Each structure stands twice: as C-alpha cells, then as structure tokens.
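Asker:
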Amino acid sequence: MKLSCTQETLSRGLQVVNRGVTSGAASTLPVLSNILIASDEGRLRLSATDLKIGVTHWIPAMIFEDGAITLPARLLTEFVNSLPQEPVELATVGEQSLTTLRCARYSANIRGIDADEFPLIPTISDEPSATVPAGLLRGMINQVVFAASSDTTRGPLQGVFTTFSGETLTLTASDAYRLSVRSARLATAAAADFSVLIPARTVAELGRILPDDDSIVAITVTPNRGQILFHMENTDFLATLLSEQFVNYKQIIPKEYKTRVVANTADLQKAVKIAGFFARDGSSLLKLNIETAGDGAGTITVSAETQDIGDNDSIVDAVVSGAGMQIGFNSKYVADALNAMNSSQVALELTGPTHAGVLRPVDGADFLHVIMPVTVPR
C-alpha cells in the first residue's frame, strides 16, 4: 500500500475512530489495539473496533497502491498529531507488516499486524429506520446519558432506552435514583414504531464523534434488533444492542405536584455548585428550603453541611406556586440535571419531602429529569 493525505484530515480521522479502541483490548486480542488502514475505492478507510462497537471513517487521499495494514492506535495517533500540517506519505514495506510514514522532515517506521487478523466490522445495507440531525442527536445524548448506571450488575439500567414512534425520537436513561428523558422530532418519520436498548458507554462514544451541525444521521437497526448503525457522511458507527427489558419508566414520572418553583438556571447552578463543596458525607446531601413571600414571590435556600468540614447557605430568588417545603437531594444529581437544562429558567416540581422531584426547562416540554429525594435529618 502506498498513499498520501493531509496531516489535518488524517489526524481528525484517527481521533474519530479512536472511540472504537479500548485500552483493555490488548490483553485479549492485540489487533483490537490497532487501527485498520485500508484503501477503499480511491479513499482511505480507517476502522477500529472493540467487538461491541465499530467505527469506520473515510478521508480523501491519493492512493498510489492499494492495500491494508493495522497499526497501533496510540502510537500512530500520537505521531500524526505531532506532525506539521503538511502531506503525510504512508507506505507498507515488504511483507513484515512494517509501515513507513513521512511528513516534511519527520519520518517513522511502525510495525503493525496484518490486516487479515482484524475482525470484520459488519455492514448494514437495509434502508434507514429513521433520520435525525446530528447536532440535535448530540444534544439529546448529553442530556440523558449521564443518568445511566455505571454498575455492571444493573443490567438494563446500563443502557439508554431509545424509542422511535412516528416522527418522535425519545432517549431515556436511569440508574434507579434519577431518570432523564429527552424527546425530539425526527428529520424523517420512523419506518415503524420500535424501541432498542443501547449500552450507555456506546451512546457516550457516539456523542463524542457526532458533529454539532444540521447534517443528517441515518439510523438503521437490523431486523433481529441485534445491532444499530449510525451513518454520517464520512463515518459509520455500529453498535451491539442490549437484549434486556428496560423498566417502565413512565410509572416513575410524577403525574402531579403540590409546589412548583421557577428560578434562574445559572443562579441555581452556582448555589448548588457551592453547596457541593460542603456536601461531603455519604449521601452528598443537598437541602432545598423553599419559602413563599406572597404574590408568587419566594426564595430557595440551598444548603449543605458536613460535620468535619462546615456548612453553607445560598439564597436564590424564585417564583413559587403552592406551599413552601424542605427537601433533600444528592448534590451531584441536582448539579448534573441543571447542567443538562440548556434553558435560562428551570422549574422544580415537588409533591412532598419523601417524593421524587421533577426538573424541567421552563421554555420546553421535551426534556425532564426526575430525582429521588434523600432524607433530611431532623
């Protein structure tokens, strides 16, 4: 194989496919720590897989001789990222899996593994199940994926429940202590109504490579619901789906509330962040004391205390509907939810100190976050 491409496009391509390389793969199958580099109908194809996800990215290149090789992902990426923005020449040498890279006054010989040992990343040729703008999907992922469980014993709670219904796409994640739900309009209606469960780690990696623009992502699910493909202009992201049944999350969402509080998101974020410095005990307890002052005016006093550290109070102006109350939450959970709001004002809906609270953006009905309360000691 012999080719030439720009340093900039090669560096960007390696950054994309590195999402499919895992550090632990080398101990089981060394080739999984490598990136496949192959000529493909006049372009350069870069691929990586950990057997659960597969990422393929195509970049423009001048192909002088067709071929394929796999090279160590970390070494190759570090070397290419350090090169000047000049053309990079790549050529395989003999039959010893040795590849030479040259750029300006820099050169390196990197020993790889034969491309025949690289696992085949399946392709899905079916028509897309639905399409969605890339930037919109990226934003949806950021508002949901953090709520999934990282505990490997939690089964379906390790996934993001993804529902296609008519013209609507809904992403849902929960770790049993909080629940995040985000809905949006698809670019084209789903071919049929269906739901799949995607591993949260996979969804997070997808979010990192999605462009923040209006380019279209075509989503295709295999008939057996075993894999899902996200196809972009120059990138394919293939993922293996979970087979577990997700919880009936709609039962978790409170249907009514007794107190509704509307506050400036940035002001509440700051108060919660400061309280987090003092919420160092096992439950990371954050206390919200909601008080009314008549005519809808009111305040939220955000506080936290750890005996060996100290305590704090921050007061945030709010519009309060209903009775005042005191309730406790995990400070990190509240901070995560507020960071995902993307709204200048946030509404907190409460039923009582022992019931789940709901956070919503005031200017949108397509996102909500439910948090279970923490008991406030008397």
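My numbering numbers the first residue of the sequence shown as 8 and each following residue consecutively.
For every residue, glycine included, the Cβ atom is placed at its ideal position computed from N, Cα and C.
As the structure is a computational prediction, the values presented were derived from the model and not from experiment.
1) Unbroken beta strand (DSSP E) runs of length 3 or more, entirely within the stretch 271-312: which are they?
2) Could you name the residues of the same chain whose beta carbon sits closer than 7 Å to that of N149, not counting the 5 residues immediately before and after it, in chain order?
3) Could I get the ranges of all uninterrupted alpha helix (DSSP H) runs contained in the stretch 127-185, with 4 residues as the minimum, in chain order?
4) Expressed to the nearest angstrom, what Euclidean distance is found between the alpha-carbon atoms of I297 and G371?
5) If S8 and T99 are in contact, beta carbons under 8 Å, what's the gap, nearest whole angstrom?
6) Can at least three beta-carbon pairs, one atom from the stretch 184-202 and one from the stretch 240-248, be found at a separation below 8 Å?
7) Pick out whichever of P384, V369, P360 and R385 has its Cα sitting closest to the Cα of G378.
8) Check each candidate in D302, V62 and A68 and name the one with the smallest Cα separation from T29.
9) How would you label D302, buried or exposed, when you count the other beta carbons within 10 angstroms and need 16 or more for buried?
10) Closest by CA to L217, which one among G119, S172, T175 and M147?
11) Could you check which residue in I281, F336 and T299 has the C-alpha nearest to that of N319?
12) Count the other CB atoms within 10 Å of the CB of A278; is the residue buried (16 or more) or exposed (fewer)?
13) In the DSSP assignment, find the unbroken alpha helix (DSSP H) run with G335 in it and report its ends.
14) According to DSSP, simplified to helix, strand and coil, what is D315?
15) Which partner residues of F244 appear in the DSSP bridge assignment?
16) Enumerate, from N- to C-terminal direction, the unbroken beta strand (DSSP E) stretches of 3 or more residues contained entirely within the stretch 80-105.
17) Could you tell me the distance, in whole angstroms, from the CA atom of A115 to the CA atom of I44?
18) Residues in the same chain with beta-carbon distance under 6 Å from G331, minus the five sequence neighbours each way, listed in chain order, please.
19) Determine the extent of the beta strand (DSSP E) in which T56 is found, giving its start and end residues.
20) Taking the straight line between their C-alpha atoms, what separation do you get for S156 and L366?
21) What are the boundary residues of the beta strand (DSSP E) that T227 is part of?
22) Quick one, are the C-beta atoms of L248 and L204 less than 8 Å apart?
23) Would you call F284 buried or exposed, if buried means 16 or more other Cβ atoms sit within 10 Å of its Cβ?
24) When DSSP labels each residue in this structure, what does A342 get in the three-state scheme?
25) Cβ of P380 within 8 Å of Cβ of G364?
26) Which of the three DSSP states is assigned to G329 in this structure?
27) Where does L213 sit, in a helix, a strand or coil, going by DSSP?
28) Measure the C-alpha to C-alpha separation of A32 and N271 and round it to an integer number of angstroms.
29) Could you give the distance in angstroms between the alpha-carbon of D315 and the alpha-carbon of T35?
30) Can you tell me whether V323 is helix, strand or coil according to DSSP?
31) Could you compute how far the alpha carbon of D221 sits from the alpha carbon of T313?
32) Compare the Cα-Cα distances from L127 to each of G27, T56 and S290 and report the closest residue.
33) Please confirm if the stretch 337-352 is in contact with the stretch 247-263, defined as three or more CB-CB distances below 8 Å between the two stretches.
34) With respect to 7 Å, is the separation between the Cβ of S132 and the closest non-hydrogen atom of the ligand FAD below this value?
35) For the alpha helix (DSSP H) holding V377, just list the boundary residues, first then last.
Answerer: Put simply:
1) 292-301
2) G214 and A347
3) 141-151
4) 23 Å
5) Before going on, a small fix: residue 8 reads as Met here, not Ser. With a Cβ gap of about 5 Å, M8 and T99 count as contacting.
6) no
7) Correcting the residue identity first, residue 378 is Ile in this sequence and not Gly. Nearest option by C-alpha distance: P360.
8) V62
9) exposed
10) M147
11) I281
12) buried
13) Run containing G335: none in the alpha helix (DSSP H); it sits in the beta strand (DSSP E), M332 to N337.
14) coil
15) V62 and F237
16) 94-100
17) 16 Å
18) I297, E298 and T299
19) R50 to T56
20) 19 Å
21) I223 to V228
22) yes
23) exposed
24) helix
25) yes
26) strand
27) helix
28) Because the pLDDT at A32 is just 44, under 50, the model does not fix this residue reliably, and the point stays unresolved.
29) 46 Å
30) strand
31) 46 Å
32) T56
33) no
34) Absent from the structure shown: the ligand FAD. Ligands present: none.
35) It is not in any alpha helix (DSSP H) - V377 instead sits in the beta strand (DSSP E) that spans F374 to I378.
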